[in-house]
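**Q**
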Amino acid sequence: MARDYENDKTHNESLLNRRSYLKMAGSAIAATGAAGVSTVAGAKEYETITVSAGEHKAISVGDGQTYENKLIDVTAEGAGVAFTTSGSGWTIRNVGIKGQHSGESFIMMPGVESKDGEGLIENVYMGDGIKAKESGGGVWVNANLPHQGVINIKGMHLANAVNNGLYASGPGSQGAYGITNVDDSYFRSNNIANIRTNAKGDRTPYVKNTVVEVDDSTPPCGENCSSPGAVNNRGVWSWYGTTEVINSDIQGGFATTKGGEVKTKNTRTGDKAKMKPPKAVPMSAEEAAKGGKR
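Numbering-wise (the working numbering), the sequence shown opens with residue 184 and increments by one.
Dropping the structure here:
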């Protein structure tokens, strides 16, 4: 069985310290944070950012900033990208990741530093997956800030991640109460968990109008795995408290840890679940970058 990474802080630091990512992180974050962040973008226009073979592009979105209408091409061998955020009130919107991510890091590592603050990830395509037997996952909510506020994810397509699709339980392991909500999204065959939530504190995270599909395309785990090659694709995994699952279709089942609980309303599971992605979900990187269907 894959190690479930209870010590979220230690696990993420091990990824961030890996060879090539850390070598270029400082300069790339500064450059992209200045040039790539905008406040206005045309609904039909987008910029293509091509990542070279062996490069791991770092993109930073700061307090109150919006990063939108980008297609990030990681089709070159060993290419990857890593988003980080700081402050509150930031937005990542209309972003498509084209090609299989290298697995050197998580694709996104967001967090909201203010308890009363929010962040938005909307209309994002990460459906081409992550290289099997590497360490990378889809979204790792930054427990090291720690994440204190609310992240709202809407219209996300996230498939075939090795180390969790949405990995949002970490703040609770640091004693933080930051939560992540999921709406109108589609997760397919992400290893360890498709959606993994932190429900510690007085706020209740939710998964709404969302489809989780599990098939035989799940990539096996490798590095940082207690059992290399293992596959365990939970549907929704609630840590520390209550997670609500509403109007959704979930394969992979529900799991709980550290006092976690899942409450469902109008939700189908197993063979009864309908696997059609929500209409708002982009089905390609290009569709997401153009603004999708939202």
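In this text, a Cβ means the ideal position worked out from N, Cα and C, and glycines have one as well.
Our contact map puts G319 next to L341 with C-beta atoms below 8 Å; I'd like the distance itself, whole angstroms only.
**A** Between L341 and G319 the Cβ distance is about 12 Å, and since that is not below 8 Å, they are no contact.
**Q** For A236, which option in D246, G302 and G282 has the closest C-alpha, if you only look at C-alpha atoms?
**A** Of the candidates D246, G302 and G282, the one whose C-alpha sits nearest the C-alpha of A236 is G282.
**Q** What's the gap between the Cα of P411 and the Cα of K457?
**A** Approximately 31 Å, taken between the alpha carbons.
**Q** Can you say whether G358 is buried or exposed, counting buried as having 16 or more other CB atoms within 10 angstroms of its CB?
**A** The residue in question, G358, is exposed, as its Cβ has fewer than 16 Cβ neighbours within 10 Å.
**Q** For I356, name the three-state secondary structure that DSSP assigns.
**A** Note that residue 356 is Ser in the sequence shown here, rather than Ile. Three-state result, S356: helix.
**Q** Any contact of the segment 361-373 with the segment 458-467, i.e. 3+ C-beta pairs under 8 Å?
**A** Taking 8 Å as the limit for Cβ pairs, the verdict is that the segment 458-467 does touch the segment 361-373.
**Q** Please look up how many angstroms separate the CB atoms of A241 and A265, rounded, as I've assumed it's under 8 Å.
**A** At roughly 5 Å, the Cβ-Cβ gap stays under 8 Å, so A241 and A265 are in contact.
**Q** Assuming A471 contacts N343 under a Cβ cut-off of 8 Å, what Cβ separation, rounded to an integer in Å, is found between them?
**A** At roughly 16 Å, the Cβ-Cβ gap does not stay under 8 Å, so A471 and N343 are not in contact.
**Q** Roughly how many angstroms lie between the CA atoms of G475 and G355, to the nearest whole one?
**A** The straight-line gap from Cα to Cα measures roughly 33 Å.
**Q** Exposed or buried, A218, counting other C-beta atoms within 10 Å across all chains shown (16 or more means buried)?
**A** With a pLDDT of only 39 at A218, under 50, the local geometry of the prediction cannot be trusted, and the value read off the model is given with reservation. Exposed, since its Cβ has fewer than 16 Cβ neighbours within 10 Å.
**Q** For D299, I'd like the list of residues in its chain whose CB is within less than 7 Å of its CB, leaving aside the five on either flank, ordered along the chain.
**A** Closer than 7 Å at the Cβ level, and outside the excluded window around D299, lie G332.
**Q** N416: which of A376, K391, T387 and S409 sits nearest, CA to CA?
**A** N416 has its Cα closest to that of A376, out of A376, K391, T387 and S409.
**Q** When the distance is taken between beta carbons, is A382 closer than 8 Å to G443?
**A** Yes, the pair counts as a contact, with Cβ atoms nearer than the cut-off.
**Q** Taking its Cβ as the centre, do 16 or more other Cβ atoms sit within 10 Å of E260, making it buried, or is it exposed?
**A** Looking at its Cβ environment, which holds fewer than 16 other Cβ atoms inside 10 Å, E260 is exposed.
**Q** Run the CB neighbour count on D432, radius 10 Å, all protein chains shown included, and call it buried at 16 or more, exposed below.
**A** Buried is the call here.
**Q** Rounded to whole angstroms, what's the CA-CA distance from D399 to R451? Just pull it up for me.
**A** C-alpha separation (whole angstroms): 20 Å.
**Q** Can you name, in chain order, every residue of its own chain whose Cβ lies under 6 Å from the Cβ of L328, other than the five neighbours on each side?
**A** Cβ within range, chain order: G294 and E296.
**Q** Look up D432 in the DSSP assignment and give the residues it is bridged to.
**A** Answer is V394 and R451, bridged to D432.
**Q** Going by DSSP in three states, A468 sits in which element: helix, strand or coil?
**A** Three-state result, A468: helix.
**Q** Taking L142 as part of the beta strand (DSSP E), name the residues at either end of that continuous run.
**A** Absent from the structure is residue 142, since the part of the chain shown begins at 184 and ends at 477.
**Q** Could you check if T426 is buried or exposed, using at least 16 other CB atoms within 10 Å of its CB as the buried criterion?
**A** So T426 counts as buried.
**Q** Are the Cβ atoms of S243 and S271 separated by less than 8 Å?
**A** No, these two residues do not count as a Cβ contact at 8 Å.
**Q** Considering only residues of the same chain and omitting the five flanking positions on each side of K314, which have a CB-CB separation below 8 Å?
**A** Only Q283, H284, S285, G286, V345 and P402 meet the Cβ criterion.
**Q** I want to check one thing, is the minimum distance from the CB of G310 to the heavy atoms of the ligand GTP below 7 Å?
**A** Of ligands this structure carries none, so the ligand GTP is not represented either.
**Q** Mind checking whether I304 and I336 have CB atoms under 8 Å apart?
**A** Against a cut-off of 8 Å, the Cβ pair of I336 and I304 comes out as a contact.
**Q** Just mark S352 as buried or exposed, buried being the case when its beta carbon has 16 or more other beta carbons within 10 Å.
**A** Classification for S352: buried.
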